[in-house]
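Colleague: Chains as they are written, first to last, in full-length UniProt numbering: chain A, 1 to 171; chain B, 1 to 171. For glycine and all other residues, C-beta sits at the position ideal for the given N, C-alpha and C. Right, I'll just put the structure down here and ask away after.
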DNA sequence: TAATAATAGTTTGAGTTCTAAATATTAGAA
DNA sequence: TTCTAATATTTAGAACTCAAACTATTATTA
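Structural data, given as structure tokens:
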């Protein structure tokens with residue numbers, strides 16, 4: 001760990017940050033295409049399926065919170081999943097506004113066949129890093145996500161976000 | 001500000017990483033909508049415009065390299081920009097396969113009015129971090145982008161794995 | 001010269017993603 | 001009861017995004 005890096009590394013501008021974010025977004029997209037080829041589902045579709053499996057019968061709203069997508073997006077994804085009969089929609093009896101999502105048997109089976117959502121090489125690389133290093137990276141991602149978060153952006157201009165905020169209301 | 005990483009933080013799994021990436025992608029998307037409202041252009045459109053301004057008359061291919069988007073995507077973005085007469089397409093005389101993009105006067109003007117592509121609060125936060133901290137974050141993003149990069153994934157240098165070789169019975 | 005390959009861009013088709021508007025339902029108040 | 005507000009979800013509309021197929025053009029070769 002050298003601290004000599006400074007002269008070759010001037011403080012990065014947010015422009016540089018933007019470029020790296022673009023690369024990450026693109027790579028994620030490309031991986032999604034790979035996953036589609038391998039199992040017929042996109043990454044968001046898998047994430048929704050997994051959320052349903054994990055949470056049991058859930059509303060669209062809870063799913064959208066869990067996977068960080070808007071309600072509308074979850075609905076369109078659900079439409080496709082329902083077409084393929086991987087999930088069912090079940091209206092609540094007590095409150096008929098509510099729609100609960102439930103995995104079908106084949107939905108559950110399909111989940112078994114899904115490859116990792118990040119390239120295996122990525123996972124391998126990531127997991128072969130030292131734990132401390134992993135935490136650094138993860139914490140940086142959390143910080144970036146936190147700094148970009150719309151709600152906190154409106155709410156707290158000068159929040160101390162240096163510390164990854166856990167313990168929110170999450171589930 | 002050193003003690004916040006409690007030891008209740010076990011090594012993060014790649015699943016956790018994926019969630020953070022989602023948040024970042026979503027936040028970027030939301031910011032794009034904000035930018036649209038403010039200046040009528042999306043972030044990718046601005047990025048293409050800037051690349052053209054920066055590089056002078058450029059081919060679609062060079063733009064797509066510069067902004068990390070596929071050629072096809074750049075084409076569709078160019079279509080919209082051309083409709084609004086922010087860019088022109090100019091076929092090369094020497095090689096008529098080649099199309100050069102050029103900013104129009106109004107394209108150049110519009111660029112002046114574009115707000116920052118990351119939320120100002122984000123920029124402010126990021127820039128108020130210590131330089132070392134900025135570098136940490138930036139370098140983490142670079143690492144993630146690098147680990148995810150498709151080409152390097154194929155090359156996969158540090159793979160001496162007992163990788164689960166999945167057998168492919170079909171397709 | 002004609003056939004073939006290589007290159008540059010565009011179109012097509014499928015999917016994701018958002019906001020805003022629309023729909024349906026429930027709960028509370030006049 | 002009926003009106004209104006709040007809640008849960010869906011639809012409509014617009015962009016982005018990619019791979020793959022397609023068009024047009026240039027270069028190479030027989």
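Spatial neighbours of residue 112 of chain A within its chain, please: CB distance less than 8 Å, with the 5 preceding and 5 following residues excluded, ordered by chain position.
Modeller: In the first chain, the residue the question calls residue 112 of chain A occupies position 112. If we look at residue 112 of chain A and ignore the five residues flanking it on each side, it has no Cβ neighbours.
Colleague: So which residues on chain A does residue 149 of chain B lean against when the C-beta distance must stay under 8 Å?
Modeller: Counting from 1 along the second chain, the entry for residue 149 of chain B is found at position 149. Within chain A, the residues near residue 149 of chain B are 23 and 27.
Colleague: Can you give me the Cβ contacts of residue 12 of chain A inside the same chain, cut-off strictly under 6 Å, excluding the 5 residues immediately before and after it?
Modeller: Indexing the first chain from 1 puts residue 12 of chain A at position 12. Within the same chain, residue 12 of chain A has no close Cβ partners at all.
Colleague: If you draw a straight line from the alpha carbon of residue 117 of chain A to that of residue 103 of chain B, how long is it in whole angstroms?
Modeller: Translated into the one-based positions of the first chain, residue 117 of chain A becomes position 117. Translated into the one-based positions of the second chain, residue 103 of chain B becomes position 103. Looking at the two C-alpha atoms, the distance is approximately 39 Å.
Colleague: Of all the CB atoms in chain A, is at least one closer than 8 Å to the CB of residue 41 of chain B?
Modeller: As a working note, residue 41 of chain B is residue 41 in the second chain. No, residue 41 of chain B lies away from the interface with chain A (no Cβ there is under 8 Å from its Cβ).
Colleague: If we ignore side chains and look at the alpha-carbon of each, how far apart do residue 134 of chain A and residue 38 of chain B end up?
Modeller: Mapped onto the first chain, residue 134 of chain A falls at position 134. Mapped onto the second chain, residue 38 of chain B falls at position 38. Going by the C-alpha atoms only, they are around 38 Å apart.
Colleague: Roughly how many angstroms lie between the CA atoms of residue 26 of chain B and residue 32 of chain A, to the nearest whole one?
Modeller: Here residue 26 of chain B is taken as the residue at index 26 of the second chain, counted from 1. Here residue 32 of chain A is taken as the residue at index 32 of the first chain, counted from 1. Answer to the nearest angstrom: the Cα atoms are 16 Å apart.
Colleague: Using a Cβ cut-off of 8 Å (strictly closer), state whether residue 140 of chain A contacts chain B.
Modeller: If you number the first chain from 1, residue 140 of chain A lands on position 140. Closer than 8 Å: yes.
Colleague: By the DSSP assignment, the beta strand (DSSP E) with residue 34 of chain B in it spans what residues?
Modeller: What you label residue 34 of chain B is simply residue 34 of the second chain in a count that begins at 1. From DSSP, residue 34 of chain B is part of no beta strand (DSSP E) but of the alpha helix (DSSP H) over 14–39.
Colleague: Buried or exposed, going by whether 16 or more other CB atoms sit within 10 Å of the CB of residue 162 of chain B?
Modeller: Position 162 of the second chain, counting from 1, holds the residue named residue 162 of chain B. With a pLDDT of 30 at residue 162 of chain B, under the threshold of 50, the modelled position of that residue is not reliable, and the figure given next carries that caveat. By the 10 Å Cβ count, residue 162 of chain B comes out exposed.
Colleague: Assess, as a yes-or-no matter, whether the segment 54–61 of chain B is touched by the segment 95–102 of chain B under the definition of 3 or more beta carbon pairs within less than 8 Å.
Modeller: A contact exists between the segment 95–102 of chain B and the segment 54–61 of chain B.
Colleague: Please tell me whether residue 159 of chain B has its Cβ less than 8 Å away from any Cβ of chain A.
Modeller: In the second chain, residue 159 of chain B corresponds to position 159, counting from 1. Caution applies to residue 159 of chain B, whose pLDDT of 34 falls short of 50 and renders its modelled position unreliable; the value that the coordinates give is listed next. Judged by the 8 Å Cβ criterion, residue 159 of chain B is in contact with chain A.
Colleague: Report the rounded CA-to-CA distance for residue 129 of chain A versus residue 19 of chain B, giving the unit in angstroms.
Modeller: Here residue 129 of chain A refers to the residue found at position 129 of the first chain. Here residue 19 of chain B refers to the residue found at position 19 of the second chain. Distance between the alpha carbons of residue 129 of chain A and residue 19 of chain B: 19 Å.
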